[in-house]
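For the sequence shown, this note's numbering gives the first residue as 4, with consecutive numbering after it. Note that beta-carbon positions come from the ideal geometry of N, C-alpha and C, so glycine has one too. Inspection log for the structure reproduced underneath, given as structure tokens.
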Amino acid sequence: MRREITGFSNPTVKYLRSLREKKHRKASGKFLAEGLRLLTDAGECGHLPEILVMSAGRDPHPLLAELEAAVEASGGEIIETTPDILSKITGKDNAQSVAGIFAEFDTSLASLDRSAAKIWLVAQALRDPGNLGTMLRTGDAVGAGGLILIDDCADPFSVEAVRASMGAVFTQKIARASWGEFLPWLRSGDGQLVAASLREAVPYRGAPYAAPCFVLVGNESQGLPEDYEMSCDLRVTMPMKGRADSLNAAVAGAVLAYEVLDALED
């Protein structure tokens, strides 16, 4: 189905705009992604938008034409609207010329196949959507199976997290669970839990990593609770040569993930 929307007060515009808020995403089970590159990556991973919103007067592009045809063939809806309305929907003054509405993915632990990858990233109480998106990008870069979000984390389907992921939200599996759910799941099969720590830790370089390795990072300001750290199979420490006593959570996860990758590929 194809239609044109020119009014800001149109109910569809209000609905699409509402997906910028977590409560409306949760109620509808849908999320918003913006930009041709991101939507193209999604399509290549088997995810087509249910609704494709395009700016009138956009420049023609072969990838956009392919995306438009694929959405039509799948029975999705195509909406043409003004650049101002598209900016209203995405919340960006300089909105890109296309956005898509997707169904949220299954985020249960049961949906994960731990044997699918040597590395998995795990974040506990990660609050910043930019950090969350960065961890998804890191996971994609190191070939991780996905990102497991523990306790009260930022929403991985927020506009900010999706944008920061640069498309990795579509390449990485995402699961959400409490610590009380995650730890029994982890112990029910193979899996080494590793965290950066100062408690009985060994240097992160040359540590005895084992696949599948679950790299755990904590909250940006408080780090990991002590009992969470002590539940890890391996605690490692990274040298801090300057005045700072810690790295950004997403940066620490990336440094550790690349060291694990190097160790497991030897």
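Close-in-space but distant-in-sequence residues of the same chain around Leu42 (CB under 7 Å, 5 per side omitted): Residues Ala36, Pro52, Leu70, Val101 and Gly103 of the same chain have their beta carbon placed closer than 7 Å to that of Leu42, with the five preceding and five following residues left out of the count.
Cα separation between Ile151 and Asp87? Approximately 37 Å between the Cα atoms of the pair.
Residue from Arg166, Gln195 and Asp154 whose Cα sits closest to the Cα of Leu267: It is Gln195.
What is the residue span of the alpha helix (DSSP H) that Lys91 lies within? Start and end: Pro86 to Thr93.
Using DSSP's beta-bridge definition, name the partner residues of Asn222. The beta-bridge partner set that DSSP reports for Asn222 consists of Gly226.
Cβ-based neighbour list, Gly133, same chain, cut-off 7 Å, excluding 5 preceding and 5 following: Answer for Gly133: Glu163 and Ala167, listed in chain order.
Return the first residue and the last residue of the beta strand (DSSP E) that Lys33 is part of. Where Lys33 is concerned, the enclosing beta strand (DSSP E) stretches over Lys33 to Glu37.
Tell me, which residues are paired with Thr240 by DSSP? Pro206.
Cβ-based neighbour list, Asp236, same chain, cut-off 6 Å, excluding 5 preceding and 5 following: The residues are Gln195 and Leu196.
May I have the straight-line CA-CA distance separating Glu262 from Glu232, to the nearest angstrom? Taking the CA atoms as reference points, Glu262 sits about 19 Å from Glu232.
Are the Cβ atoms of Leu112 and Trp188 separated by less than 8 Å? Yes.
Just the Cα atoms here: how many angstroms apart are Ala255 and Thr93? The alpha-carbon separation between Ala255 and Thr93 amounts to approximately 31 Å.
Please list the terminal residues of the continuous beta strand (DSSP E) segment that includes Leu150. Where Leu150 is concerned, the enclosing beta strand (DSSP E) stretches over Gly149 to Ile153.
Using a Cβ-based criterion (distance less than 7 Å to any ligand heavy atom), does Ala68 qualify as near the ligand NAD? Of ligands this structure carries none, so the ligand NAD is not represented either.
Once DSSP output is grouped into helix, strand and coil, what is the label at Lys25? In the three-state scheme derived from DSSP, where H, G and I count as helix and E and B as strand, Lys25 is classed as helix.
State yes or no: is the C-beta of Gln127 within less than 8 Å of the C-beta of Leu219? Yes, they are a contact pair.
Integer Cβ distance of Ala214 from Lys121, believed to fall under 8 Å: About 4 Å; that satisfies the 8 Å criterion.
To which residues of the same chain is Gly238 closer than 7 Å at the C-beta, ignoring the five residues directly before and after it? One detail in the question is off: residue 238 reads as Arg in this sequence, not Gly. Cβ neighbours of Arg238 beyond the five flanking positions: Ala198, Ser200, Arg202, Glu203, Ala204 and Glu232.
Cβ-based burial, Met4 [other Cβ within 10 Å; buried from 16]: With a threshold of 16 other beta carbon atoms within 10 Å, Met4 falls short and is exposed.
Using DSSP with H/G/I as helix, E/B as strand and the rest coil, what is Ala120? Residue state for Ala120 is assigned as coil, using DSSP reduced to three classes.
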